[in-house]
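Trainee: The structure follows.
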Ligand SMILES: [Zn+2]
């Protein structure tokens, strides 16, 4: 049984950024993919993981892992890389593993299946490190634990969809232990706040209630406006009251212009100075003293 532990490593290091494409280094992309994968693993919470310090080059990364994990079943070490070919139309995803016919091939198959399924990149298959260029891959041959090396897309032609790659890695890694991602509960939506009480006066009925005038007024504000234009002193008071309402009770926006227009028409005709304060002014307007 392989211990439930994934050792994540970003291919290349600070001093050896790997290949280059679309203005980006391979190193910058592998670090980003690993960070995102770690985030998925952390949120999921069912598989312990460690991340090799990304600044380490491959020799030091292997030494870091080997200093901590001695036996082959102490976990699975996955180092993320991206491919680079002189042929810029090259694309797809491949996973390097150890010896054919061993557990390495089994876990590589499980990882790779999810990588292809989720990224939908062209399937370049799983490949034994023995067939790798430059005489094999040290990450696979020298790491104490099981070690795999996915090449996630090509630097020249890739979409750099790192979050998707991370999700694929996350699910592929779980799949090596036969695990499935936990259902992550969506955040509970906040209870909608009660809308604030709207102090806006919406109907002439309400207006009438406040001012004590125009009891028979139609609720249509335009009609009220027309009534205002026909009357004299009482109307003048009404307009003043409405002017006050604008300031003190906030009149609905769509009706505000109507009030403003009425006020404009009566400006200059109001000779008496009303007292200050809304209710005092209202009493004055209604002729009830003040
Ligand atoms: Zn690389």
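Residue numbers (the working numbering): 735 to 1024. C-beta atoms are modelled at their ideal positions from N, C-alpha and C, and glycine is treated no differently.
Counting along the chain, where does the alpha helix (DSSP H) carrying residue 794 start and finish?
Mentor: First-last of the alpha helix (DSSP H) with residue 794: 792–802.
Trainee: Could you tell me the distance, in whole angstroms, from the CA atom of residue 835 to the CA atom of residue 908?
Mentor: Going from the Cα of residue 835 to the Cα of residue 908 covers about 21 Å.
Trainee: Quick one: what's got a C-beta closer than 8 Å to residue 895's C-beta in the same chain, skipping five residues either side?
Mentor: 853.
Trainee: Quick one: is residue 788 buried, meaning 16 or more other Cβ sit within 10 Å of its Cβ, or exposed?
Mentor: Burial call: buried.
Trainee: Kindly examine ligand 1 and report whether one of its heavy atoms sits closer than 6 Å to the Cβ of residue 749.
Mentor: Result no, Cβ not under 6 Å from ligand 1.
Trainee: Leaving out five residues before and five after residue 760 in sequence, what residues of the same chain have Cβ atoms less than 8 Å from its Cβ?
Mentor: Excluding sequence neighbours, residue 760 sits near 745, 746, 751, 752, 753, 754, 815, 816, 818, 889.
Trainee: Provide the residue span of the alpha helix (DSSP H) that contains residue 773, from first to last.
Mentor: 760–778 is the extent of the alpha helix (DSSP H) around residue 773.
Trainee: In angstroms with no decimal places, state the Cα-to-Cα distance between residue 906 and residue 763.
Mentor: Taking the straight line joining both Cα atoms gives about 19 Å.
Trainee: Helix, strand or coil for residue 829, going by three-state DSSP, please let me know.
Mentor: If DSSP states are grouped into helix, strand and coil, residue 829 belongs with the strands.
Trainee: Cα separation between residue 879 and residue 774?
Mentor: Distance between the alpha carbons of residue 879 and residue 774 is about 22 Å.
Trainee: Considering only the alpha carbon of each residue, which of 792, 804, 839, 919 lies closest to residue 749?
Mentor: Considering only alpha carbons, the answer is 792.
Trainee: Could you tell me whether any non-hydrogen atom of ligand 1 is closer than 6 Å to the CB of residue 887?
Mentor: No, ligand 1 has no heavy atom inside 6 Å of this Cβ.
Trainee: Leaving out five residues on either side along the sequence, give the residues of the same chain with a beta carbon under 7 Å from the beta carbon of residue 876.
Mentor: Answer for residue 876: 796, listed in chain order.
Trainee: Taking the C-alpha atoms as reference points, what is the distance between residue 828 and residue 918?
Mentor: Rounded to the nearest angstrom, the two C-alpha atoms are 29 Å apart.
Trainee: In whole angstroms, what separates the C-alpha of residue 847 from that of residue 800?
Mentor: Roughly 28 Å separates the two Cα atoms.
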